[in-house]
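Everything below concerns the one structure shown next.
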Amino acid sequence: MGIVEDKIKDLKDREAKILQMGGEKAVAKQREKGKLTARERLDLLFDKGTFREIDMFVTHRCVNFGMENVEIPSDGVITGHGLVEGRPVFAFSQDFTARAGSLGEMHAKKICKVMDLALKAGVPFIGFNDSGGARIQEGVDALSGYGQIFYRNSVASGVIPQISAIMGPTAGGAVYSPAMTDWIFMVKNSSYMFITGPEVIKSVTGEKITFEDLGGAMTHNEKSGVAQFACESDEDAINRIKTLLSYLPANNMEDPPVVPNGDDPKRTDPMLDTIIPDSPNQSYDMKEVIRSIVDNGEIFEPHEFFAANMLVCFARLNGRTIGIIANQPQVL
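Given below as structure tokens:
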């Protein structure tokens with residue numbers, strides 16, 4: 024083989040090794056928990072064959088605490104861009120199989136790069152968060168990385184849609200960025216958001232608390248209101264992210280996509296004449312009223328479990344996105 028062929032082979036060998044992520048055992052452990060891998064999440068999000076990875080070969084440069092001998096594929100995060108239902112989107116996906124998806128200097132730089140590109144292109148940005156927090160071996164370099172991400176969250180706020188999918192434990196410094204984004208999706212019984220975990224709380228306060236009660240999907244959907252969606256699985260979360268994107272504009276200078284659906288805008292529904300009771304003391308379901316009015320009876324509801332006496336949702340009229348706010352008489 025010639026020099027060029029040797030280099031190409033070396034490149035392909037390195038790529039193949041990176042695609043194995045944290046190794047066979049770590050990937051198997053991830054799947055035992057009913058979770059997708061970081062790469063599988065991106066494959067499911069993007070239209071087939073459209074994802075283009077950025078900075079695959081980037082890795083850490085830490086030489087402290089034995090890190091010079093530690094290989095972390097793609098530095099624990101996959102970044103890139105592709106099409107979702109034909110529309111461009113940038114994304115990152117943290118790889119828990121690689122050093123618990125911990126954030127170091129280069130890990131943060133990769134995320135910042137796709138955030139900058141999303142803002143420059145004026146398109147949505149999605150983060151799949153599955154991280155144990157800062158990589159402590161990198162010290163201040165890791166913490167500085169968080170600061171750079173937070174800065175970009177604030178700059179992009181109100182300009183492009185920022186969506187966070189919490190797909191596993193998201194603790195410590197890793198939890199602040201999702202809270203600064205526009206939408207948070209969580210998966211029941213497998214995703215958690217908290218500053219510090221149950222063991223630390225027990226050692227400091229003596230209180231025993233479970234992961235789920237401290238920062239699980241229903242805790243943040245029912246009590247804190249930090250998250251807007253509680254999903255049944257990774258696949259359900261990704262499918263619902265796609266649905267949300269279909270209602271949103273790419274940026275603050277564009278209109279949301281118009282979706283023709285064949286629902287006659289001049290149709291009538293006699294049910295509306297009778298659904299509201301004569302007695303003000305009798306309740307009714309506001310969702311039935313809304314479904315009878317909007318296109319094909321379809322609504323997309325964030326905050327389904329939070330402050331249930333108030334209803335907020337997306338829908339369409341004549342194919343155009345609308346937002347609805349309504350009281351829900353069925354709930355006190």
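If you read the sequence shown in the numbering used here, its first letter stands for residue 24, the second for the next number, and so on. Ideal placement from N, C-alpha and C gives every residue a C-beta, glycine not left out.
Counted as a single uninterrupted DSSP element, the alpha helix (DSSP H) harbouring Gly168 occupies residues Val163 to Ala179.
Between Ile149 and Ala179, the gap from beta carbon to beta carbon reaches 8 angstroms or more.
Counting along the chain, Gln353 sits inside no alpha helix (DSSP H), nor does DSSP assign it H or E at all.
By the Cβ-count criterion, Lys58 is buried, with 16 or more other Cβ atoms from all chains shown falling within 10 Å of its own Cβ.
Scanning the stretch 204 to 239 from its first residue to its last, the whole beta strand (DSSP E) runs of 3-plus residues come out as 206 to 210 and 215 to 217. In the displayed model, Arg110 falls within a strand according to three-state DSSP. Ser226 and Gly155 have their C-alpha atoms roughly 19 angstroms apart.
Residue environment analysis places Asn319 among the exposed positions, since fewer than 16 neighbouring C-beta atoms fall within 10 angstroms of its C-beta. The C-alpha of Thr204 lies about 29 angstroms from the C-alpha of Val354. Leu67: member of the alpha helix (DSSP H) spanning Ala61 to Leu68, first to last residue.
Closest in alpha carbon position to Lys56, among Phe74, Arg75, Thr120 and Pro288, is Thr120. Contact annotation: the stretch 65 to 80 touches the stretch 106 to 126, with at least three C-beta pairs closer than 8 angstroms.
For Asp153, the enclosing beta strand (DSSP E) stretches over residues Phe148 to Ser154. DSSP places Ala197 outside any alpha helix (DSSP H), giving it a letter other than H or E. DSSP places Ile264 in the helix class (H, G or I) of the three-state scheme.
In summary, Met294 is exposed, with fewer than 16 beta-carbon neighbours lying within 10 Å of its beta-carbon over all protein chains present. Val223 and Asp292 have their C-alpha atoms spaced approximately 57 angstroms apart. Closest option to Met209, judged by alpha-carbon separation, among Ala114, Arg263, Leu334 and Gln160: Arg263. Between Ile348 and Phe328, the alpha-carbon positions lie close to 15 angstroms from each other. By the C-beta criterion, the stretch 33 to 52 is judged to be in contact with the stretch 95 to 103, since at least 3 inter-stretch pairs fall below 8 angstroms.
The C-beta distance from Pro192 to Gln251 rounds to 20 angstroms, too long to fall under 8 angstroms, and the pair is not in contact.
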